[in-house]
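Heads up, the thing below is written out as structure tokens.
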Amino acid sequence: MVFFMDYFFVAVSSREHLEICKKFAMAGFPNSTNGLWAFLDIDIGDYISFIYSARAINLYKVMDKVAIQNYENAPPWPPLKLGRKIYWFPFRLILKPIREFEESIVRKEFEYIAENLLLRGGYRKSHFQADSLTLHHASIMGTHAKDVSVKHKFKEKFETFEPVFNLRTNQNDWNSGIFKLSEKILQTLIRKKIKNRPEKFLSMIDVNENMNHIEVIGEKALPEGHVDIIIKERYPVESVKAILIEVKKGRANKDAVNQLLSYKKSVRYDVIRLVLIAKDFPKQLHSVKNIVFLKYEIKTEKETLTFSELLNALEIYPHTK
Numbered sequence: 002m003v004f005f006m007d008y009f010f011v012a013v014s015s016r017e018h019l020e021i022c023k024k025f026a027m028a029g030f031p032n033s034t035n036g037l038w039a040f041l042d043i044d045i046g047d048y049i050s051f052i053y054s055a056r057a058i059n060l061y062k063v064m065d066k067v068a069i070q071n072y073e074n075a076p077p078w079p080p081l082k083l084g085r086k087i088y089w090f091p092f093r094l095i096l097k098p099i100r101e102f103e104e105s106i107v108r109k110e111f112e113y114i115a116e117n118l119l120l121r122g123g124y125r126k127s128h129f130q131a132d133s134l135t136l137h138h139a140s141i142m143g144t145h146a147k148d149v150s151v152k153h154k155f156k157e158k159f160e161t162f163e164p165v166f167n168l169r170t171n172q173n174d175w176n177s178g179i180f181k182l183s184e185k186i187l188q189t190l191i192r193k194k195i196k197n198r199p200e201k202f203l204s205m206i207d208v209n210e211n212m213n214h215i216e217v218i219g220e221k222a223l224p225e226g227h228v229d230i231i232i233k234e235r236y237p238v239e240s241v242k243a244i245l246i247e248v249k250k251g252r253a254n255k256d257a258v259n260q261l262l263s264y265k266k267s268v269r270y271d272v273i274r275l276v277l278i279a280k281d282f283p284k285q286l287h288s289v290k291n292i293v294f295l296k297y298e299i300k301t302e303k304e305t306l307t308f309s310e311l312l313n314a315l316e317i318y319p320h321t322k
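Each residue of the sequence shown is one higher than the one before, counting from 2 in the working numbering.
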């Protein structure tokens, strides 16, 4: 199996923050649920571009990831004030510059990500995953980058931590680095689980069609809402075969079914499966046709786990009616 890296756009809040990101070849995510989600969603080896003022800026490869303790005192970004809240940036991606460009996302080459922003009404997320075609276009834009960035050695200068998740809590404790398992984090776990074993997942949902090198992409905006996960062809011919997946942390209901059905009507892909993944399902959903119901379970006796431990403990299996 050929293993592909993912491509993300990272939203930057101000020109000052953008210039710092470029100077130090580093991306920072805030001490918020979205910031933690972005940090876990993006892996070492993936690619990112910054997005600011409706412009895509540069292409970078992620070389390392660090989470900083006592982040209030850790440079290089000043704190971000939004209303009464102040955000710092404990989650950092260490980057290698690949290409230099600054292009409007209105360009055809950025259509996938531009649709997300338009339907969301702006940058209400810290990051957006793009498809492989977008990465291909970005890889030939602009010029080769010259790495003139200033280096920060955070692992040597600052204490770091690994986020830990307590399966029984509904709160995030930023002082201790112990977090709740939110639905966003669960979506990322399931996306990565599918990406690691795509053949197993396709067999589970009885997809025998020859999909042309699939890619597994997180959260895509549509007029009716947000598809949690899309599996689609990386190199489509004639039409793009796709699988739409909705994830529910708890018990699914009829609304989730209706969401999936509405997504199928508006998405431009040739949808060959609709999949609903949840902790459990009520009996009245058993008669619903055209949707594959899957259960997830985190099989562990531990109360707190790291993200990698959660990924290993996560199991997805068919729901027996």
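C-beta atoms are modelled at their ideal positions from N, C-alpha and C, and glycine is treated no differently.
Quick caveat, the model's predicted, so the values are computed rather than measured.
Worksheet item: Is Lys126 closer than 8 angstroms to Leu94 when the C-beta atoms are compared?
Response: Counting from one through the sequence shown, the residue named residue 94 turns up at place 93. Counting from one through the sequence shown, the residue named residue 126 turns up at place 125. Result no, Cβ atoms of Leu94 and Lys126 do not sit closer than 8 angstroms.
Practice prompt. Determine which residues share a DSSP beta bridge with Ser105 and list them.
Written response: Position 104 of the sequence shown, counted from the start, is the residue given in the question as residue 105. Looking at the DSSP assignment, Ser105 forms a beta bridge with Arg56.
Worksheet item: Looking at Val248 and Ile230, is the spacing between their C-beta atoms short of 8 angstroms?
Response: The sequence position of residue 230 within the sequence shown is 229, counting from 1. The sequence position of residue 248 within the sequence shown is 247, counting from 1. A contact, by the Cβ cut-off of 8 angstroms.
Item to complete: Determine the DSSP secondary structure at Leu94, reduced to helix, strand or coil.
Response: Here residue 94 corresponds to residue number 93 of the sequence shown, with the count starting at 1. DSSP, reduced to helix, strand and coil, places Leu94 within a strand of the structure shown.
Worksheet entry | Backbone CA spacing between Leu295 and Ile191 [nearest angstrom] | Numbered from its first residue, the sequence shown carries residue 295 at position 294. Numbered from its first residue, the sequence shown carries residue 191 at position 190. Taking the CA atoms as reference points, Leu295 sits about 11 angstroms from Ile191.
Item to complete: Look at the alpha carbon of Thr135 and the alpha carbon of Phe92, and state the distance between them as a whole number of angstroms.
Response: Looking up residue 135 in the sequence shown gives position 134. Looking up residue 92 in the sequence shown gives position 91. Rounded to whole angstroms, Thr135 to Phe92 spans 25 angstroms at the Cα level.
Worksheet item: By DSSP, does Asn254 sit in helix, in strand, or in coil?
Response: For the purposes of this step, residue 254 is taken as the residue at position 253 of the sequence shown. Coil, per DSSP.
Item to complete: Out of Lys250, Arg100, Ala131, Tyr318, point me to the one whose CA is closest to Glu110's CA.
Response: Residue numbering aside, residue 110 sits at position 109 when the sequence shown is read from its first letter. With distances taken between Cα atoms, Glu110 lies closest to Ala131.
Practice prompt. Tell me whether Gly122 is buried or exposed, calling it buried when 16 or more other Cβ atoms sit within 10 Å of its Cβ.
Written response: Position 121 of the sequence shown, counted from the start, is the residue given in the question as residue 122. Summary for Gly122: the model assigns pLDDT 49, below 50, so the residue's position carries little reliability, and this model does not support an answer.
Worksheet item: What residue ranges within the stretch 179-245 form continuous alpha helix (DSSP H) runs of no fewer than 4 residues, ordered along the chain?
Response: If we require 4 residues or more, the alpha helix (DSSP H) runs fully inside the stretch 179-245 come out as 184-197, 199-205.
Worksheet entry | From Phe102, Ser150, Glu239, residue whose alpha carbon lies closest to that of Thr144 | Locating residue 144 in the sequence shown gives position 143, where the first residue counts as 1. If we check each option's Cα against that of Thr144, Phe102 comes out closest.
Worksheet entry | Same chain, Cβ closer than 6 angstroms to Lys194, neighbours up to 5 away in sequence not counted | Translated into positions along the sequence shown, residue 194 becomes position 193. Here the set comprises Leu315.
Fill in: DSSP-derived helix/strand/coil call for Ala75
Numbered from its first residue, the sequence shown carries residue 75 at position 74. The three-state secondary structure of Ala75, taken from DSSP, is coil.
Item to complete: Out of Ser204, Lys181, Thr305, Ser140, point me to the one whose CA is closest to Lys62's CA.
Response: In the sequence shown, residue 62 corresponds to position 61, counting from 1. Nearest C-alpha to Lys62: Ser140.
Discussion item. Run through the DSSP bridge pairs and tell me what Thr305 is partnered with.
Written reply: What you label residue 305 is simply residue 304 of the sequence shown in a count that begins at 1. Partner(s): Asn167.
Worksheet item: Roughly how many angstroms separate the alpha carbons of Leu286 and Glu184, rounded to a whole number?
Response: Residue numbering aside, residue 286 sits at position 285 when the sequence shown is read from its first letter. Residue numbering aside, residue 184 sits at position 183 when the sequence shown is read from its first letter. In this structure, the straight-line span from the alpha carbon of Leu286 to that of Glu184 is close to 21 angstroms.
Worksheet item: What residue does the beta strand (DSSP E) around Ala26 start on, and which one ends it?
Response: Taking the first residue of the sequence shown as 1, we reach residue 26 at position 25. From DSSP, Ala26 is part of no beta strand (DSSP E); its letter is neither H nor E.
Worksheet item: Per DSSP, what kind of secondary structure is Arg269 in: helix, strand or coil?
Response: Within the sequence shown, residue 269 is the residue found at index 268, counting from 1. Coil.
Discussion item. Assuming the contact rule is C-beta atoms closer than 8 angstroms, Thr170 and Gln70 should be a hit. Round their C-beta distance to whole Å, please.
Written reply: Within the sequence shown, the letter at position 169 stands for residue 170. Within the sequence shown, the letter at position 69 stands for residue 70. Incorrect: roughly 20 angstroms between the Cβ atoms, too far for contact.
Discussion item. Let me make sure I understand the geometry here. Which of Leu168, Gln188, Ser133, Ser309 has the alpha-carbon closest to that of Lys181?
Written reply: By one-based count along the sequence shown, residue 181 stands at place 180. Checking every option, the nearest Cα to that of Lys181 belongs to Leu168.
Worksheet item: Taking buried to mean at least 16 other C-beta atoms within 10 Å of its own C-beta, is Arg274 buried or exposed?
Response: Stepping through the sequence shown from its first residue, residue 274 is reached at position 273. Arg274 is buried by the Cβ-count criterion.
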